[in-house]
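Data block below; observations after.
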Ligand code: FES
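See below:
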């Protein structure tokens, strides 16, 4: 499979997609142009600089998500577990390093060994993984979800 040079948001339930650590749940219920941010207390992502566009809000389905590929080591899951609330996680599975590739019914799925994580907080819900997916601190900028 070939990957594009530019970050690509792939489809509705998920896609291809690890970054490293940081967390933020974004609530977009207010003015779209305003920056809103909720810090969940996780460590910030060390690979993606602040302001990096992760996805357009309109491209992230409710109760689903997208996986955005940046490079071979950096993919991010962006999800909308609740209407107007967006979350982002390092897509690299904490079990053995495969990339999570699907979000379905608010579960982020790694098909390598079937680990599943909550798209609300990244916590493991089932499978061999023991640790949660690192969250990425984000904010809303206009119509985009960006790294905070
Ligand atoms: S690498 Fe994800 S479940 Fe094993």
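Residue numbers (mature numbering (1 follows the signal peptide of the UniProt record, and there is no 0)): -33 to -1, 1 to 115.
Even glycine gets a Cβ: it sits at the ideal position worked out from N, Cα and C.
Nothing here was measured: the structure is a model prediction, and the numbers come from that model.
- Query: Opposite residue 41 in the DSSP bridges: which residues?
  - Reply: Paired residue(s): 38.
- Message: Would residue 24 and residue 112 qualify as a contact pair, given that the criterion is a beta-carbon distance under 9 Å?
- Response: yes
- Any idea which residues DSSP pairs residue 61 with across the strands? BP columns for residue 61 are empty, so no partner.
- Whole-number beta carbon distance between residue 46 and residue 32, since they are thought to touch under 8 Å: 3 Å
- Task: Return the bridge partner residues of residue 105 from the DSSP annotation.
- Result: 114
- Message: Closest to residue 14 by C-alpha separation, out of 109, 70, 68 and 101, would be which residue?
- Response: 101
- Contacting residues, own chain, Cβ-Cβ under 7 Å from residue 72 (five flanking each side not counted): 30
- Query: Whose C-alpha, out of 95, 93 and 54, is nearest the C-alpha of residue 35?
  - Reply: 54
- Own chain partners of residue 18 with C-beta closer than 6 Å, once the 5 adjacent residues on each side are dropped: 113
- Message: Considering only heavy atoms of the ligand FES, does any lie closer than 8 Å to the CB of residue 96?
- Response: yes
- Message: Determine whether the beta carbon atoms of residue 44 and residue 20 lie at a separation below 9 Å.
- Response: no
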